[in-house]
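For reference, the structure is listed below as C-alpha cells.
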Amino acid sequence: MNSTTSPEPTGPLLVRVRAVMPALAPAEQRVANAVLADPGGVAAMTISELAEVASTSETTVIRFCKQIGVPGYPQLRLQLAAQSAQESVRPEVGGDIEPGDSLADVVSKVAFADERAVRETAQQVDVDALAKVVDAVVRAQRVDLYGFAASAFVAYDLQQKLHRIRRVAFAWSDVHIALTSAALLGEGDVAIGISHTGTTVEVVEALEEAAKHGATTVAVTNFPRSPLARTADLVLTTAARETTYRSGAMASRIAQLTVIDCLFIGVAQQVLPDARKALEETASAVRGHRLKGSD
Numbered sequence: 001m002n003s004t005t006s007p008e009p010t011g012p013l014l015v016r017v018r019a020v021m022p023a024l025a026p027a028e029q030r031v032a033n034a035v036l037a038d039p040g041g042v043a044a045m046t047i048s049e050l051a052e053v054a055s056t057s058e059t060t061v062i063r064f065c066k067q068i069g070v071p072g073y074p075q076l077r078l079q080l081a082a083q084s085a086q087e088s089v090r091p092e093v094g095g096d097i098e099p100g101d102s103l104a105d106v107v108s109k110v111a112f113a114d115e116r117a118v119r120e121t122a123q124q125v126d127v128d129a130l131a132k133v134v135d136a137v138v139r140a141q142r143v144d145l146y147g148f149a150a151s152a153f154v155a156y157d158l159q160q161k162l163h164r165i166r167r168v169a170f171a172w173s174d175v176h177i178a179l180t181s182a183a184l185l186g187e188g189d190v191a192i193g194i195s196h197t198g199t200t201v202e203v204v205e206a207l208e209e210a211a212k213h214g215a216t217t218v219a220v221t222n223f224p225r226s227p228l229a230r231t232a233d234l235v236l237t238t239a240a241r242e243t244t245y246r247s248g249a250m251a252s253r254i255a256q257l258t259v260i261d262c263l264f265i266g267v268a269q270q271v272l273p274d275a276r277k278a279l280e281e282t283a284s285a286v287r288g289h290r291l292k293g294s295d
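Numbering (the UniProt record's numbering) for the sequence shown: 1 to 295.
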C-alpha cells in the first residue's frame, strides 16, 4: 500500500533544508534561502533578525524549524553553529562553475561536487528503509525499474547489476512500455522509480500503476516530500546539489548511483553463494571479448 505521508528528511541540517525546499511555503523558502546563504551568520542572529532578513514573521521562522525536524529556534542556531564549524574544516572549492573558469578549476570543482554528493548522500540515507528495499528485492519474482533522461542510465545500471546475480530485472525508459509493464506486476514484485526531482510525470505514473496491482513500490529521489516519494511504499533519498552546468544530469546521477550501489551490494550479500557463482560465470562469458593481456 502506498505511503500516505512522506518520510521526514534525515541527515545533516543543511541537507535537510535543501531536501524540503520545494515543499515549503514561499515565506518559509525565504527563511531557508537565508539559512543556506549564510549558515554561520544565521547562527548568530536572533529570531527577529532572521525574520527581518527573510521578510517574514517570527511565527514563520518557527514553522520552518518544525519543517526541517528542529524543535525550535535555539536548537536551529546550535545546529547551524555546529555545522558551520565542521564546514570550516572542509572548505568549499569555489562553489558554482563560472564561464571564465580555467579547465583546471573546472576539474577541481566537478571533483569536489561529486565527492560532496556521495558524502552527503551517505550521511543521510535511511538505512532501515534501505534494508527493507534489499529484502523486497531479494524476495521479488521480478523487479521493474523506471527512469527517464539522466535517471534512465541509473535504472539501466541497476538492471545490469541485478541481472548479473540472477535477479529478474527490467529497466524501462519509454513511458508506454513502462506503463504496460507496470500493469503486469503483482504481489511479490518490486517497482523502483528513479527521479532526482521526484516530479517526473512518467515515473510517478508507472509507480502508481505498479501499486494498483500490488507491487512493492520504491522511490529514489532527492526530495522526500515530492510526488514520487508520496507514491512509494519505501523511499531512498539522495543529497545532490545542482549547479549551473550540472542541472539534472551530473551531481544527481552520482548520488543516485551511490544509493543504487548500496542497494545492489545489500542484495548480493543476501544471496552471496549464488551471486558469487553468477558473477564468475558472467565474467567468464565475456572474457573472450577482451584484448589479450588485459584484466
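Quick reminder that beta carbons are idealized off the backbone N, C-alpha and C, glycines included. Source: prediction; values computed, not measured.
Option nearest residue 23 by Cα separation, candidates 35, 264, 9 and 112: Considering only alpha carbons, the answer is 9.
Cβ-based neighbour list, residue 178, same chain, cut-off 7 Å, excluding 5 preceding and 5 following: Counting only Cβ-Cβ distances below 7 Å, and skipping sequence neighbours, we find 146, 172, 202 and 206.
Residue 216 - partner residues in DSSP beta bridges: Residue 216 pairs with 190.
Assigned secondary structure, residue 144 (DSSP; H/G/I helix, E/B strand, else coil): Three-state DSSP puts residue 144 in a strand.
Residue 237 beta carbon less than 9 Å from that of residue 222: Contact flag set, yes.
Spatial distance of residue 36 from residue 51 (CA atoms): Spanning the two alpha carbons is a distance of roughly 15 Å.
Segment contact flag, the segment 78-85 with the segment 47-61, C-beta cutoff 8 Å, min 3 pairs: No: fewer than three Cβ pairs fall under 8 Å.
Straight-line Cα distance separating residue 260 from residue 189: Straight-line Cα distance between these residues: approximately 18 Å.
Contiguous beta strand (DSSP E) assignments of at least 3 residues, all confined to the UniProt domain "HTH rpiR-type" (11-87): Runs of the beta strand (DSSP E) inside the UniProt domain "HTH rpiR-type" (11-87): none found.
Local conformation of residue 271 per DSSP, three classes: Per DSSP, reduced to three states, the secondary structure at residue 271 is coil, with no helix or strand assignment.
Span separating the alpha-carbon of residue 122 from that of residue 134: Those two C-alpha atoms are separated by around 16 Å.
Alpha-carbon to alpha-carbon, residue 283 and residue 289: For residue 289 and residue 283, the distance between alpha carbons rounds to 10 Å.
Boundaries (first-last residue) of the beta strand (DSSP E) holding residue 236: Start and end: 234-237.
Reference residue 64; option with closest CA among 16, 159, 197 and 234: Per the Cα distances, 16.
Three-state secondary structure assigned by DSSP to residue 328: The question about residue 328 has no answer, for the chain in this structure spans 1 to 295.
Length of the line joining the Cα atoms of residue 116 and residue 240: Their backbone Cα atoms lie some 8 Å apart in a straight line.
Where residue 287 falls, given that 16 or more other Cβ within 10 Å makes a residue buried: With fewer than 16 other Cβ atoms within 10 Å, it is exposed.
Cβ-Cβ separation, residue 154 to residue 228 (assumed contact under 8 Å), whole Å: About 14 Å separates the beta carbons of residue 228 and residue 154, which is beyond the 8 Å limit, so they are not a contact pair.
Exposure label - residue 192; buried when at least 16 CB within 10 Å: Buried is the call here.
As assigned by DSSP and simplified to three states, the class of residue 129: For residue 129, the secondary structure class from DSSP, reduced to helix, strand or coil, is helix.
Cβ neighbour criterion (16 or more within 10 Å) applied to residue 216: Buried, by the Cβ-count rule.
Nearest neighbour of residue 162, chosen from 14, 270 and 58 [CA to CA]: For residue 162, the nearest C-alpha among the options comes from 270.
First and last residue of the uninterrupted alpha helix (DSSP H) at residue 223: Taken as a continuous stretch (DSSP letters only), residue 223 belongs to no alpha helix (DSSP H), as it is neither H nor E.
Contact set for residue 57: own chain, Cβ-Cβ below 6 Å, skip 5 residues either direction: Same-chain partners within the cutoff: 51.
Closest Cα partner of residue 174 within the set 59, 101, 144 and 218: Looking at the Cα atoms, 144 is the closest of the given residues.
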